[in-house]
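Here's the structure, in structure tokens; my notes come after.
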Amino acid sequence: MATFISKSPAETEAVGQQFAEDIGPGSTLALKGELGSGKTMFVKGLVAGLGTRCDVTSPTFTILHEYRGGRLPIYHFDFFRLENRESVVRLGLDDYFFGDGVSVIEWADRFREFIPQRARWILFEIKSENQRAITFE
Ligand SMILES: Nc1ncnc2c1ncn2[C@@H]1O[C@H](COP(=O)(O)OP(=O)(O)OP(=O)(O)O)[C@@H](O)[C@H]1O
Ligand SMILES: [Mg+2]
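Quick note on my numbering: the sequence shown kicks off at 22 and runs consecutively.
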């Protein structure tokens with residue numbers, strides 16, 4: 022377990038970018054932490070680090086964004102607005118989680134029973150206006 026203290030959005034993005042370096046096909050990253058804690062900022066860095074030039078926003082209403090054109094495809098989920106288990110089942114998550122891309126899920130703890138055992142969990146915490154603690158569990 023390692024905790025990184027980020028002092029700006031750009032630093033959180035840099036943490037994501039750094040993380041992208043040692044990520045391989047089939048990786049699953051489960052993100053948790055309150056609203057505005059920096060999950061999407063981290064994903065922005067991750068996507069840039071994998072060599073995809075795309076705008077990254079929380080897929081809150083669409084549930085899934087896909088970013089292609091980099092070293093690996095990225096499947097960016099947001100479980101925040103999913104209401105029940107049936108709506109999670111309908112996503113057909115295994116096609117993503119057991120494919121060759123990288124899956125990253127915001128609010129993964131809302132339906133943790135759907136997250137594979139091998140997923141890397143990352144916790145985001147708000148420490149002050151511009152400080153975030155990022156813990157790799
Ligand atoms: N050190 C920091 N790291 C990341 N974001 C920061 C930091 N300091 C301030 N912020 C601000 O906090 C917000 C983080 O937003 P972000 O969309 O990444 O959060 P989120 O965890 O994805 O939220 P949500 O659960 O709503 O999707 C941004 O407005 C950003 O500018
Ligand atoms: Mg977000």
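Glycine included, C-beta positions come from ideal geometry on N, C-alpha and C. Please read all numbers here as calculations on a predicted model, not as lab measurements.
**OP:** Take residue 125 and list the residues in its own chain whose beta-carbon comes closer than 6 Å to its own, dropping the five residues that flank it on each side.
**Re:** Translated into the one-based positions of the sequence shown, residue 125 becomes position 104. Excluding residues within five positions, the ones whose Cβ falls inside 6 Å are 50, 64, 97.
Subject >> For residue 34, the three-state DSSP class (helix, strand or coil) >> reply: On the sequence shown, position 13 is the one that residue 34 refers to. In the three-state reduction of the DSSP assignment, residue 34 falls in the helix class, which pools H, G and I.
Original post:
Would residue 84 count as contacting chain D if we go by Cβ distances under 8 Å?
Top reply: Although the question refers to chain D, the structure presented lacks it and comprises just one protein chain.
Original post:
What span of residues does the alpha helix (DSSP H) with residue 108 cover, start to end?
Top reply: To locate residue 108, count along the sequence shown from 1; it is residue 87. Where residue 108 is concerned, the enclosing alpha helix (DSSP H) stretches over 106-111.
**OP:** Closer than 7 Å by C-beta to residue 146: which residues in its own chain qualify, once you throw out the five before and the five after it? Chain order, please.
**Re:** For the purposes of this step, residue 146 is taken as the residue at position 125 of the sequence shown. A distance below 7 Å between beta-carbons, with the five flanking residues on each side excluded, links residue 146 to the following residues of its chain, in chain order: 54, 58, 153, 154.
Subject >> Sufficient close CB pairs (3 or more, under 8 Å) joining the region 28-35 to the region 64-78 >> reply: The answer is yes - the region 64-78 touches the region 28-35, with three or more Cβ pairs under 8 Å.
Original post:
Is any heavy atom of ligand 1 found at a distance shorter than 7 Å from the C-beta of residue 152?
Top reply: Locating residue 152 in the sequence shown gives position 131, where the first residue counts as 1. Yes.
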